Structure formats: C-alpha cells, structure tokens
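The sequence shown lines up with residues 1 to 282 when you count with UniProt numbering.
Structure first, commentary second.
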Amino acid sequence: MSELATSSTDKMGPTAASSGDLTGSSATWSIKSSSVHLARSKQTWTGAGSAAGYVLRYLIPMRRLMIDVVGAEREADRALAILVAHLVKAGFSGHDKGKLRDFLVRGIRSAAKARFDEVKQDIANGATHNGKPIQPPAPPRVEVAQLESADWIGYWREGILQRAWRALERYQHACRHGRRANNELVADDAPEEDLVHDALKVATSYPKETVELWAGRVAAMAGRTVTPDEVRAQMELARVRFAQQIADEVAQTLEHSDPKAIHAEIKTLGLAKAFAGVKVLA
Numbered sequence: 001m002s003e004l005a006t007s008s009t010d011k012m013g014p015t016a017a018s019s020g021d022l023t024g025s026s027a028t029w030s031i032k033s034s035s036v037h038l039a040r041s042k043q044t045w046t047g048a049g050s051a052a053g054y055v056l057r058y059l060i061p062m063r064r065l066m067i068d069v070v071g072a073e074r075e076a077d078r079a080l081a082i083l084v085a086h087l088v089k090a091g092f093s094g095h096d097k098g099k100l101r102d103f104l105v106r107g108i109r110s111a112a113k114a115r116f117d118e119v120k121q122d123i124a125n126g127a128t129h130n131g132k133p134i135q136p137p138a139p140p141r142v143e144v145a146q147l148e149s150a151d152w153i154g155y156w157r158e159g160i161l162q163r164a165w166r167a168l169e170r171y172q173h174a175c176r177h178g179r180r181a182n183n184e185l186v187a188d189d190a191p192e193e194d195l196v197h198d199a200l201k202v203a204t205s206y207p208k209e210t211v212e213l214w215a216g217r218v219a220a221m222a223g224r225t226v227t228p229d230e231v232r233a234q235m236e237l238a239r240v241r242f243a244q245q246i247a248d249e250v251a252q253t254l255e256h257s258d259p260k261a262i263h264a265e266i267k268t269l270g271l272a273k274a275f276a277g278v279k280v281l282a
C-alpha cells in the first residue's frame, strides 16, 4: 500500500495554507471520524441509475472545457444540451469504464462536433438568428480536449473541491440541527462540529491572519460568540471531514472504489495537500 493509504499519520494538508497553531491536542471523540477511509464510498459513476443526472453534478468543469473547445458560451451550452440529451436517451451506452473525467472528455468532443454539424445544417436550411442569417461557425478545437491536459485536470480538481466544500457545509448544517449523518458512532462528549465548514473556510480564505481574527470572522458567520480555542478544535475536526469528503468525491468518479486507484487519482488531481497530518486508512 502506498504512503497515502496507511494507518499512520500521513503528510498530506488542507487545500489552502492555514496559519496559527492548528495541531493542538484533540479529544478522543470518535474513532470512526478521526481518520479518513479512502474507500468509504462504494458508489461509483458506473453504477449510476441515471447517466444524465449523475453527469450533471460536474456541469461546471464540463462547461469550462466545452467553452475552450467551441469558443462561445452560447454554443457551449447548446453542445452540452446535445450531450445530456444523448445520456438521457442512451445512458452510458456501454462506455462506463475507467474514469468519469475521461468519459466526459470524449463526450465533449463528440457533442462539440455534433453541434458544429447541426449549425452547418441550419445554415443550409436557411435558418436565421434574431432575423439575421446564421454565421458559419469556426470548427471546434477538439484537440484542446485531452484526457490529461493541465486545463482539464485543473477544471476537474476545482469541481471536486467545490463539491467537497458543499458537502462539508451540509454536514455542518446537519450538526447544527441535530441530524448527524450516516448513523455515526460518536462519543457522548463529542464536539458538535457545528462550525467545521465556517472555520475551515475562514482559515483557507485568510491564511495569514491569526486564530483570534479567525474566531471573530467565524463568530460573525455563526451569529454567536466563538473563542480561538473553539476554532482550533473545529479546525482539527474540519481537516478530517474535508479530506474524507474529497476521498468520497474522487472515489465516485472512478470505475472501482479501490484505495490504490483513489490514492493515485488524488495525487494526479493535485489534492494530496488536503490530507496533511490526517490519518489515512484504506
């Protein structure tokens, strides 16, 4: 097993730098919650009940790449509509293998070409737009849609991070309203975790500030008094929660939720820093 998926403390850290002492002692509050399990999520894109519905989770990175290919937002949206309509009708059509991001690159290329052909046919049929003849489109730059291009990897990484942040925010909301998810085994003295999203968001947004300033910002967001010690405690919990959300999100974009494959994808996407100082298990 690689160095990431070990039972000892790993060397990977939150996605943005954090200042202040966030490594203080933590209570023995929940064995399940104090470590990250790479293969916790058993859901994968290949087992999705709705191909179109599943793919729409990643519409933002898909749209960014499609704009790169076709050159205009309006045309990108039309091309994406073609792709989604195909998925609604035909599902993954036996192509649900490997990584979801690779499947989407191929789908984006095909949809861009289909939209180009569609516009050419509209022109041949004398169609107009706002009363004016449609201008011949530039051919799609399908060559920019490469499986491992730096731009696509960056778009995909940001999409994974956005989903992880939203999941952490939902978890914080559930904790505030007494609806802790997944039937977790939590000790009676477990912290509420009602600030995990806000504390981590503030720390990553203002990495050069002191923990005292973070406490003030978190207090304003939470609408109650928050101490620096409370921020430290919430940050320690938040780091684990956020890393777990990233692992879950990555696992759901692979064909198999295998720890080695998840680990490799985390490193490829440049997300390893999110796991620094966090105990990582297979």
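Every residue gets a Cβ at the ideal spot worked out from N, C-alpha and C, and that includes glycine.
All values reported here derive from a predicted model rather than from experimental measurement.
Assumed close pair residue i, residue j - CB separation to whole angstroms, cut-off 8 Å
i, j, result
"R217", "R57", "Actually they are not in contact, since the Cβ atoms of R217 and R57 sit about 30 Å apart, beyond 8 Å."
"R239", "G178", "Contact doesn't hold; Cβ gap of about 23 Å is too wide."
"R40", "D248", "6 Å"
"V196", "Q234", "6 Å"
"E158", "P61", "7 Å"
"T46", "D96", "4 Å"
"W165", "V105", "So it is not a contact: roughly 24 Å between Cβ atoms."
Alpha carbon of residue i to alpha carbon of residue j, nearest angstrom
i, j, result
"S35", "A51", "32 Å"
"D122", "R74", "16 Å"
"R232", "V226", "11 Å"
"C175", "R78", "40 Å"
"A272", "I266", "6 Å"
"L83", "S205", "36 Å"
"F275", "P137", "45 Å"
"T44", "Q135", "42 Å"
"A219", "L161", "24 Å"
"D194", "T253", "29 Å"
"D21", "V211", "Here D21 scores only 26 on pLDDT, less than 50, and its place in the model is too uncertain to base an answer on."
"A264", "K132", "51 Å"
"F242", "A203", "13 Å"
"G94", "L87", "11 Å"
Selection from the options that minimises the alpha carbon distance to residue i
i, options, result
"L59", "L80, E73, V231 and K273", "L80"
"A145", "R109, L38, A199 and T268", "R109"
"W156", "S205, K279, K260 and R63", "R63"
"V280", "G107, I246 and R170", "I246"
"Y171", "E192, E148 and A264", "E192"
"A167", "K201, K260, G98 and V69", "K201"
"A90", "K99, G49, K120 and E212", "G49"
"E143", "V119, T128, T268 and G71", "G71"
"A111", "S93, S149 and V69", "V69"
"H268", "L147, L237 and A215", "For clarity, residue 268 is Thr in the given sequence; the question names His instead. If we check each option's Cα against that of T268, L147 comes out closest."
"I67", "Y54, A85 and R141", "R141"
Per DSSP, cross-strand counterpart(s) of residue i
i, result
"H129", "K132"
"H37", "L281"
Extent of the continuous alpha helix (DSSP H) to which residue i belongs
i, result
"K260", "P259 to T268"
"Y171", "A150 to R176"
"T204", "V196 to S205"
"D122", "L100 to A124"
"P61", "L59 to V70"
"H86", "E73 to A90"
"Q244", "P228 to A251"
"L56", "Careful: L56 lies outside any alpha helix (DSSP H) and carries neither H nor E."
"V211", "V211 to A222"
Residue-chain proximity (residue i, chain D), Cβ-Cβ < 9 Å
i, result
"I160", "Absent here is chain D; the protein component of the structure consists of one chain."
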